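2 protein chains.
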Amino acid sequence: MTIARQTGSGATIYSVAEHAGVSIATVSRVIQRPEVVAAGTRQRVLDAIETLSYVPVSAARSLAVRHHEAHGLVLPELSGPYYAELLMGFEARAAELGQSVILLLADSKSDLPRAVRQLATRVDALAVFGEVVDQPSVQRVLQAGKPVVVIAGEHRAGVESIAAENTSSAAQLTEHVLKHGRKRLLFVGDPDAAPDISGRYAGFVQAHRSRRRKPADPVRIAFRENDGTAFADRMLTGEHVADALVCANDELALSIMTRLQDAGHSVPDDVAVVGWDDVMTSRYVRPGLTTVRQPVGGLGRLAAERLHELVSGGAVNDDPQVLPTRIVLRQSCGCPPGGVPAPPRS
Amino acid sequence: MTIARQTGSGATIYSVAEHAGVSIATVSRVIQRPEVVAAGTRQRVLDAIETLSYVPVSAARSLAVRHHEAHGLVLPELSGPYYAELLMGFEARAAELGQSVILLLADSKSDLPRAVRQLATRVDALAVFGEVVDQPSVQRVLQAGKPVVVIAGEHRAGVESIAAENTSSAAQLTEHVLKHGRKRLLFVGDPDAAPDISGRYAGFVQAHRSRRRKPADPVRIAFRENDGTAFADRMLTGEHVADALVCANDELALSIMTRLQDAGHSVPDDVAVVGWDDVMTSRYVRPGLTTVRQPVGGLGRLAAERLHELVSGGAVNDDPQVLPTRIVLRQSCGCPPGGVPAPPRS
DNA sequence: CTGTTAGCGCATTCAA
DNA sequence: TTGAATGCGCTAACAG
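Heads up: the protein sequence lines correspond to chains A and B, in order.
1 is the number of the first residue of the first sequence in the numbering used here; add one for each residue after it.
1001 is the number of the first residue of the second sequence in the numbering used here; add one for each residue after it.
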């Protein structure tokens, strides 16, 4: 990369000081703590700033104060509402705390460890989602003295972790489906793909056990629409038999449900379908998809907040912080229609 | 804010140099241009870096090289796929070009101008969406010597602008609906809300004119689901009469369509509905929503790329760059079912 | 209330 | 191929 231009207009704290007839210390003061500067001087400085179009170079400040005032966030990608909401929460809270957010999307990176190293260079702390960044990379950041929080990932000593509740809501949801009289439930999605999912499967198992019923092995497929469609096709050929599907997320649930319906089957009469995440589509399809709403924005906010506290010298929290989730009943589970439709999330 | 901890583990280029028994210049070289350093020395330095967990402080580098190697992106928010895709494209391209991306979400900020000023402080260039940031703020950044590109906004001299094509695809779409024999079309959404929307309404008008028909005035409502629902209610009372609705975006189209259907009306038999954006839900509802797909990721990529070129000394492009869009026909416009469903976007 | 001064950590001449 | 020296722009004592 050839970079020709210099940063900024060229106006520095020096030129501003000169223009205003004061010292650079005074200029710095009117920017940091205006109240300690005499009104007259302050105004002269502000005028100089204005006429010179002075924009401070944050790097110089960062160097002097010895921190970046920025948090990094590593997410896999942004398709679907999940990560976007997480990011919104994170950014909002970070901004409230005066921190910039530098975003790194892992899926599009050919050399992620390198990208993470680079990122670590310009932030005070890092939030990473699940297991997107390899453990050694995380350790490097930690050893460099920068706090790391893991969102919806494996819990490990030394890194704070934040997650939504999964197991007990999964158990409730499964129990709910069982109460509808369903006998052959299938959990669709690979529990080993992410801690979140394994937690959900654990709940699935738990609900069966407490009724002394034997839970089926999970159907280990990935979480994209395509995977759901393919699975539905295999159901249509009789390869899988079930009267209820507990899907690892809504995308899966929706694609399966739609495929089955298009093939002439009825949801929930022939098979009930439930999912996870309460994406927008889940409110619009018919029957409405029963699902679990997670406080995704809250996860982001909490992450930003913890990062800031850790940077400010707070102690790392040794056990994972778990945020509650909420089951949203619609009709795909077998519940009767007629309830007022769940409102869009605020 | 009280910030106690210092950035980094304390390891600096000095401690690394000392540990490796070389000068800091050599350490700097093995990081910037390893090939100019003798293999032996290089290894010693790398070892030192490793054992000291050295992570460079980007601020110091930025200060020395006089640029930030970061681009700012200001978006209103991230609900819905539109901005998220834009951001994904932007981030991916920026990363390819070695630039970090600092994200600022406008909607959650109480003092946006201040936030923008702050942001300008730490980036070499800025991309802003539409009219989210006020003109004076944009001018400041520009005058400070930092390039700005506006995405899907008003075109102005001195700022580069990038947008998706709207008018001609709107004309085609409207024409398509007219061909289905619809007589009373309504454009739903406020054209003054954004340049994108006014372009779409212009196409709507154009299509009518070329058939010597008089276009109706636009229904000036906002673009959220709630607004659509409220509008649908007004249709149900007869306040608005139409046999086809050209909606400013999919969220509007979907909420209206669903409400009308829930009230017993048939789409498209009673009223055709079309939208804009091709969100995920549009594939899943029945009838499938006819809509216009925009190259949203492409907008983001292009913005990042132009920013980088501008920072590297490129000249600002005086006329707006317009990316093509594509009409996605499903059944809500009156087209017969049976076509293979449009695949998910890749 | 204001000015002087000494770093902050790194890149980059210029010599050797 | 390496080292010594200088400056990037700003903050924060410290003095006055």
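The C-beta atom is built at its ideal place from N, Cα and C for all residues, glycine as well.
Computed from a predicted structure; not experimentally measured.
- prompt: Out of curiosity, what's the CA-to-CA distance linking S161 (chain A) and G228 (chain A)?
  reply: 30 Å
query: Is T174 (chain A) helix, strand or coil by DSSP?
result: helix
task: Run the CB neighbour count on T1002 (chain B), radius 10 Å, all protein chains shown included, and call it buried at 16 or more, exposed below.
output: With a pLDDT of only 32 at T1002 (chain B), under 50, the local geometry of the prediction cannot be trusted, and the value read off the model is given with reservation. Result: exposed.
- request: Measure the C-alpha to C-alpha separation of I1031 (chain B) and P1056 (chain B) and round it to an integer number of angstroms.
  value: 10 Å
query: With distances taken from CA atoms, which of A:G80, A:R156, A:T12 is nearest D319 (chain A)?
result: A:R156
- prompt: Which chain B residues are close to L78 (chain A), counting only those with a beta carbon under 7 Å from its beta carbon?
  reply: Under the 7 Å cutoff, chain B gives A1084, L1087, M1088.
- prompt: At a CB-CB cut-off below 7 Å, which residues of chain B make contact with M280 (chain A)?
  reply: Listed along the chain, the chain B residues whose CB falls inside 7 Å of the CB of M280 (chain A) are T1281.
task: Could you list the residues in the stretch 1135-1156 of chain B with a C-beta less than 8 Å from some C-beta on chain A, going in chain order?
output: R1140, V1141, Q1143, A1144, G1145, K1146
query: Going along chain B in order, which residues have a C-beta closer than 7 Å to the C-beta of S28 (chain A)?
result: Those within 7 Å of S28 (chain A) in chain B number zero; the least Cβ separation is about 14 Å.
task: Could you tell me whether the stretch 1193-1209 of chain B touches the stretch 1122-1134 of chain B, where touching means 3 or more Cβ pairs closer than 8 Å?
output: yes
Listed by chain order, chain A residues near I1403 (chain B) by CB distance under 9 Å: What is shown of chain B runs 1001 to 1346, which leaves residue 1403 (chain B) out entirely.
- prompt: Over what stretch of residues does the beta strand (DSSP E) that includes A1125 (chain B) continue unbroken?
  reply: 1125-1129
task: Spatial neighbours of A84 (chain A) within its chain, please: CB distance less than 8 Å, with the 5 preceding and 5 following residues excluded, ordered by chain position.
output: Hits under 8 Å: L78.
message: Three or more C-beta pairs under 8 Å: does that hold for the stretch 1244-1258 of chain B against the stretch 1173-1181 of chain B?
response: Short answer: they touch.
- prompt: For P1344 (chain B) and chain A, any beta-carbon pair shorter than 8 Å?
  reply: Below a pLDDT of 50, predicted positions are generally treated as unreliable, and P1344 (chain B), at 41, falls in that range; the measurement from the model is reported next regardless. It does; some Cβ of chain A falls within 8 Å.
query: Just curious, the alpha helix (DSSP H) that L112 (chain A) is in, first and last residue?
result: Its alpha helix (DSSP H) spans residues 112-120.
field: 8 Å Cβ cutoff, E1091 (chain B) in contact with chain A
entry: yes
message: So with CB distances below 8 Å, who are the chain B contacts of T258 (chain A)?
response: Per Cβ cutoff of 8 Å: Y1284.
- prompt: How is T1290 (chain B) classed by DSSP in three states: helix, strand or coil?
  reply: strand
query: Across which residues does DSSP place A1244 (chain B) in a beta bridge pair?
result: DSSP lists B:L1185, B:A1272 as partners of A1244 (chain B).
Sequence-distant residues of its chain with Cβ nearer than 6 Å to R259 (chain A) (five each side left out): T229, A232
task: Please report the residue range of the beta strand (DSSP E) in which R161 (chain A) lies.
output: Here residue 161 (chain A) is Ser; the residue named in the question, Arg, does not match the sequence. Run containing S161 (chain A): 160-164, per the beta strand (DSSP E) assignment.
- prompt: Touch check for the stretch 1271-1278 of chain B and the stretch 1308-1322 of chain B: three-plus C-beta pairs under 8 Å?
  reply: no
query: At what residues does the alpha helix (DSSP H) containing H308 (chain A) begin and finish?
result: Segment 296-311, the alpha helix (DSSP H) holding H308 (chain A).
query: Comparing alpha-carbon positions, which option in A:I327, A:S169, A:V116 lies nearest V148 (chain A)?
result: Comparing C-alpha distances from V148 (chain A) to each of A:I327, A:S169, A:V116 shows the shortest one belongs to A:V116.
- prompt: If we count Cβ pairs, one from each stretch, closer than 8 Å, do we get three or more for the stretch 162-169 of chain A versus the stretch 217-227 of chain A?
  reply: The stretch 162-169 of chain A and the stretch 217-227 of chain A do not touch, with fewer than 3 CB-CB distances between them shorter than 8 Å.
message: Counting only Cβ pairs nearer than 7 Å, list the residues of chain B close to A267 (chain A).
response: Note on residue identity: the sequence assigns Val, not Ala, to residue 267 (chain A). Within chain B, no residue comes near V267 (chain A); the closest Cβ sits about 13 Å away, beyond 7 Å.
query: Is the number of C-beta pairs between the stretch 1092-1104 of chain B and the stretch 1294-1310 of chain B that are closer than 8 Å three or more?
result: yes
task: Quick one: using the 10 Å Cβ neighbour count with 16 as the cut-off for buried, is E1239 (chain B) buried or exposed?
output: exposed
query: Does DSSP classify H1155 (chain B) as helix, strand or coil?
result: If DSSP states are grouped into helix, strand and coil, H1155 (chain B) belongs with coil.
query: Is it a yes or a no for the stretch 135-144 of chain A touching the stretch 282-292 of chain A, going by three-plus beta-carbon pairs under 8 Å?
result: no
query: Between the beta-carbon of D277 (chain A) and the beta-carbon of Y82 (chain A), is there less than 8 Å?
result: Yes, they are a contact pair.
- request: Give the DSSP-derived three-state secondary structure of L86 (chain A) in the structure shown.
  value: In this structure, L86 (chain A) counts as helix in the three-state DSSP scheme.
message: Taking only three categories from DSSP, how would you classify L73 (chain A)?
response: Three-state result, L73 (chain A): strand.
- prompt: Who are the Cβ neighbours of P341 (chain A) in its own chain at under 6 Å, not counting the five residues just before and after it?
  reply: Bear in mind that the predicted position of P341 (chain A) carries a pLDDT of just 44, short of 50, making it unreliable; the figure below should be weighed with that in mind. Cβ-Cβ distances below 6 Å link P341 (chain A) to nothing in the same chain once the five nearest sequence neighbours on each side are left out.
- request: Note down, one range per segment and in chain order, each beta strand (DSSP E) of at least 3 residues found wholly within the stretch 19-70 of chain A.
  value: none
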